[in-house]
Amino acid sequence: DVKVTQSSRYLVKRTGEKVFLECVQDMDHENMFWYRQDPGLGLRLIYFSYDVKMKEKGDIPEGYSVSREKKERFSLILESASTNQTSMYLCASLDRGRVAEAFFGQGTRLTVV
Amino acid sequence: GNSVTQMEGPVTLSEEAFLTINCTYTATGYPSLFWYVQYPGEGLQLLLKATKADDKGSNKGFEATYRKETTSFHLEKGSVQVSDSAVYFCALIKNTDKLIFGTGTRLQVFP
Numbered sequence: 217d218v219k220v221t222q223s224s225r226y227l228v229k230r231t232g233e234k235v236f237l238e239c240v241q242d243m244d245h246e247n248m249f250w251y252r253q254d255p256g257l258g259l260r261l262i263y264f265s266y267d268v269k270m271k272e273k274g275d276i277p278e279g280y281s282v283s284r285e286k287k288e289r290f291s292l293i294l295e296s297a298s299t300n301q302t303s304m305y306l307c308a309s310l311d312r313g314r315v316a317e318a319f320f321g322q323g324t325r326l327t328v329v
Numbered sequence: 002g003n004s005v006t007q008m009e010g011p012v013t014l015s016e017e018a019f020l021t022i023n024c025t026y027t028a029t030g031y032p033s034l035f036w037y038v039q040y041p042g043e044g045l046q047l048l049l050k051a052t053k054a055d056d057k058g059s060n061k062g063f064e065a066t067y068r069k070e071t072t073s074f075h076l077e078k079g080s081v082q083v084s085d086s087a088v089y090f091c092a093l094i095k096n097t098d099k100l101i102f103g104t105g106t107r108l109q110v111f112p
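Protein chains in written order, with the numbering used here: chain A, 217 to 329; chain B, 2 to 112.
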């Protein structure tokens, strides 16, 4: 089975801290994504990557950056955490085969205090 | 740009009732369409998919048909169970680019 693993289920950080959210997939997928999920807003795309060292901004990249040094790992970085970044963060990887299908991690619930 | 619109929730049903959750999309060409489900405390799981017009995706009693003429992909189930209570997301992808989601619809099923 494809596995997408996020490093933490729950995180509590202080305002102004630099925060790293890690995501690892084990199926050699090219595309990886970071979303945040908020009530009433659904999933909003923060950043995505279609290859090592490549990244593209999604719909809400402000306050975030990403790193993809290895194909299996896609990291989301909050440069200076703020309370409005309290959210559920979901990582996904995409099979770019004939029928595209995304696989999701279990999510990281981040609280910034 | 590409987008997905789905009905607002919550949808509240009694067990064994018929379910419909509406989803329409905007996209050029022929995107692939998906329904994902999120159970409480978990990440998203693929429920079903369809990759071309008139395809019907089905899984666990759920069905959705890719309707190009109405740009729709409505989710249906003939008889819901309490265990179906979850949030359902409609999504599309074009050219294996980025996956675009609707806002999600919460389904609550009561015994």
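Ideal placement from N, C-alpha and C gives every residue a C-beta, glycine not left out.
Quantities reported herein were computed from a predicted structural model and do not represent experimental measurements.
Taking C-beta pairs closer than 7 angstroms, name the residues in chain A that G105 (chain B) reaches, listed in chain order. Result: G258.
I need the boundaries of the beta strand (DSSP E) containing L257 (chain A), first residue and last residue. L257 (chain A) -> no beta strand (DSSP E), and no H or E assigned at all.
T221 (chain A) and G321 (chain A) - do their beta-carbons sit closer together than 8 angstroms? yes
Check S15 (chain B) in the structure and name its three-state DSSP category. strand
Who are the neighbours of L48 (chain B) on chain A, taking C-beta pairs under 9 angstroms? Under the 9 angstroms cutoff, chain A gives no residues; its nearest Cβ is about 11 angstroms from L48 (chain B).
Could you tell me which chain B residues have their CB closer than 9 angstroms to the CB of Q241 (chain A), listed as they occur along the chain? Listed by position along chain B, the residues whose Cβ is nearer than 9 angstroms to that of Q241 (chain A) form an empty set, because the closest Cβ is around 13 angstroms away.
Residues bridged to K273 (chain A) [DSSP beta-bridge criterion]: Its beta-bridge partners are A:Y263.
Cα-Cα, which of B:K69, B:F111, B:A51 and B:P112 is closest to T29 (chain B)? B:K69
Mind pulling the chain B residues with CB within less than 9 angstroms of A330 (chain A)? Nothing can be reported for residue 330 (chain A), as the shown portion of chain A is limited to 217 through 329.
Contacts around S309 (chain A), its chain only, beta-carbon distance under 6 angstroms, and the 5 residues preceding and following it disregarded: V220, Q241, H245, M248 and F319
Supposed contact pair F90 (chain B) and Y37 (chain B) - C-beta distance, whole angstroms, cut 8 angstroms: 4 angstroms
Hey, G279 (chain A) and Q301 (chain A) are a contact pair by Cβ (cut 8 angstroms); roughly how many whole angstroms apart? Separation of the CB atoms of G279 (chain A) and Q301 (chain A) is rounded to 6 angstroms, and the pair is thereby assigned contact status at 8 angstroms.
With a 10 Å radius around its C-beta and 16 neighbouring C-beta atoms as the bar for buried, classify S265 (chain A) as buried or exposed. With 16 or more Cβ atoms within 10 Å of its Cβ, S265 (chain A) is classed as buried.
Between the CA atoms of A51 (chain B) and S80 (chain B) - distance to the nearest angstrom: 22 angstroms
For the beta strand (DSSP E) containing E278 (chain A), list its first residue and its last residue. Secondary structure note for E278 (chain A): it is in no beta strand (DSSP E), with a DSSP letter that is neither H nor E.
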